[in-house]
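*Asks:* Quick one: the structure is below, questions incoming.
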Amino acid sequence: ACDKDDNGSPIGPCSGYSSWALSVQDELNTATTAGIAYANDPTPANCAAYKAAYQDYIDALENVRGCVAGAQTAAYQQAIDSAKASLSSLC
-3 ACDKDDNGSP IGPCSGYSSW ALSVQDELNT ATTAGIAYAN DPTPANCAAY
47 KAAYQDYIDA LENVRGCVAG AQTAAYQQAI DSAKASLSSL C
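Take a look at the structure:
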(Lines of atoms letter the chains of each structure in order from A and count residues from 1; the text may use other names and numbers.)
(Lines give C-alpha, C1' and ligand atoms only; values in the text may rest on other atoms or scores of the structure.)
Protein backbone atom coordinates (compact mmCIF):
# COMPACT_ATOMS: atom_id res chain seq x y z
CA ALA A 1 0.00 0.00 0.00
CA CYS A 2 1.21 3.49 -0.82
CA ASP A 3 -0.26 5.37 2.10
CA LYS A 4 -2.51 4.96 5.09
CA ASP A 5 -5.62 5.33 2.92
CA ASP A 6 -4.57 2.71 0.37
CA ASN A 7 -5.52 -0.82 1.30
CA GLY A 8 -3.54 -2.31 -1.57
CA SER A 9 -6.56 -2.96 -3.75
CA PRO A 10 -6.18 -2.34 -7.47
CA ILE A 11 -8.68 0.50 -7.19
CA GLY A 12 -6.72 2.43 -4.53
CA PRO A 13 -5.02 5.77 -5.23
CA CYS A 14 -1.74 4.12 -6.19
CA SER A 15 -3.09 1.69 -8.75
CA GLY A 16 -1.78 3.78 -11.62
CA TYR A 17 -1.22 7.35 -12.73
CA SER A 18 -4.74 7.93 -13.92
CA SER A 19 -6.24 6.48 -10.76
CA TRP A 20 -4.33 8.58 -8.23
CA ALA A 21 -4.52 11.64 -10.46
CA LEU A 22 -8.28 11.21 -10.58
CA SER A 23 -8.35 10.93 -6.81
CA VAL A 24 -7.33 14.63 -6.56
CA GLN A 25 -9.50 15.82 -9.47
CA ASP A 26 -12.33 17.16 -7.29
CA GLU A 27 -9.91 19.28 -5.25
CA LEU A 28 -8.27 20.57 -8.44
CA ASN A 29 -11.63 21.49 -9.95
CA THR A 30 -12.70 23.28 -6.77
CA ALA A 31 -9.41 25.21 -6.57
CA THR A 32 -9.66 26.18 -10.24
CA THR A 33 -13.24 27.38 -9.86
CA ALA A 34 -12.34 29.36 -6.73
CA GLY A 35 -9.31 30.88 -8.49
CA ILE A 36 -11.47 32.02 -11.40
CA ALA A 37 -14.02 33.50 -9.01
CA TYR A 38 -11.27 35.38 -7.20
CA ALA A 39 -9.73 36.62 -10.46
CA ASN A 40 -13.13 37.90 -11.62
CA ASP A 41 -14.04 39.44 -8.26
CA PRO A 42 -11.01 39.91 -5.97
CA THR A 43 -12.88 40.31 -2.72
CA PRO A 44 -11.52 39.17 0.63
CA ALA A 45 -14.22 36.46 0.77
CA ASN A 46 -13.27 35.11 -2.66
CA CYS A 47 -9.62 35.19 -1.68
CA ALA A 48 -10.32 33.22 1.49
CA ALA A 49 -12.33 30.68 -0.50
CA TYR A 50 -9.52 30.37 -3.05
CA LYS A 51 -6.88 29.89 -0.35
CA ALA A 52 -8.99 27.22 1.37
CA ALA A 53 -9.61 25.36 -1.89
CA TYR A 54 -5.94 25.61 -2.85
CA GLN A 55 -4.92 24.24 0.55
CA ASP A 56 -7.34 21.34 0.15
CA TYR A 57 -5.75 20.57 -3.24
CA ILE A 58 -2.24 20.65 -1.75
CA ASP A 59 -3.40 18.36 1.05
CA ALA A 60 -4.86 15.93 -1.51
CA LEU A 61 -1.58 15.94 -3.44
CA GLU A 62 0.34 15.22 -0.25
CA ASN A 63 -1.95 12.28 0.46
CA VAL A 64 -0.91 10.59 -2.79
CA ARG A 65 2.79 11.51 -2.58
CA GLY A 66 3.65 7.87 -1.91
CA CYS A 67 2.23 6.96 -5.32
CA VAL A 68 4.83 9.01 -7.19
CA ALA A 69 7.60 7.04 -8.85
CA GLY A 70 10.93 7.15 -7.02
CA ALA A 71 12.77 9.19 -9.64
CA GLN A 72 10.03 11.84 -9.61
CA THR A 73 9.61 12.13 -5.85
CA ALA A 74 11.99 15.08 -5.40
CA ALA A 75 10.39 17.09 -8.21
CA TYR A 76 6.93 16.28 -6.85
CA GLN A 77 7.90 17.46 -3.37
CA GLN A 78 9.48 20.60 -4.81
CA ALA A 79 6.21 21.37 -6.63
CA ILE A 80 4.25 20.90 -3.39
CA ASP A 81 6.67 23.16 -1.50
CA SER A 82 6.39 25.80 -4.24
CA ALA A 83 2.60 25.60 -4.09
CA LYS A 84 2.69 26.09 -0.31
CA ALA A 85 4.90 29.16 -0.73
CA SER A 86 2.53 30.57 -3.33
CA LEU A 87 -0.41 29.93 -1.05
CA SER A 88 1.16 31.85 1.81
CA SER A 89 1.62 34.94 -0.37
CA LEU A 90 -1.92 35.04 -1.77
CA CYS A 91 -3.94 38.11 -0.83
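Just so we're aligned, residue -3 is where the sequence shown starts under the working numbering, counting upward by one. Virtual Cβ for every residue (Gly too), placed ideally from N, Cα, C.
Going by the beta-carbon positions, is the gap between Y53 and N42 smaller than 8 Å?
*Replies:* Not closer than 8 Å, so no.
*Asks:* Near Q73, which residues of its chain fall below 8 Å by C-beta distance, leaving aside the five closest residues on each side in sequence?
*Replies:* Excluding sequence neighbours, Q73 sits near R61.
*Asks:* L24 lies in the alpha helix (DSSP H); which residues open and close that run?
*Replies:* First-last of the alpha helix (DSSP H) with L24: 21 to 36.
*Asks:* Quick check on this structure: which residue in Y50, T26, D37 has the alpha carbon closest to the alpha carbon of S85?
*Replies:* Nearest of Y50, T26, D37 to S85, Cα basis: Y50.
*Asks:* Excluding five sequence neighbours on each side, which residues of the same chain lie with their C-beta closer than 8 Å to the C-beta of I76?
*Replies:* Result list for I76: I54, L57, E58, R61, in chain order.
*Asks:* Straight-line CA distance for A65 to V20?
*Replies:* Their Cα atoms are separated by approximately 17 Å.
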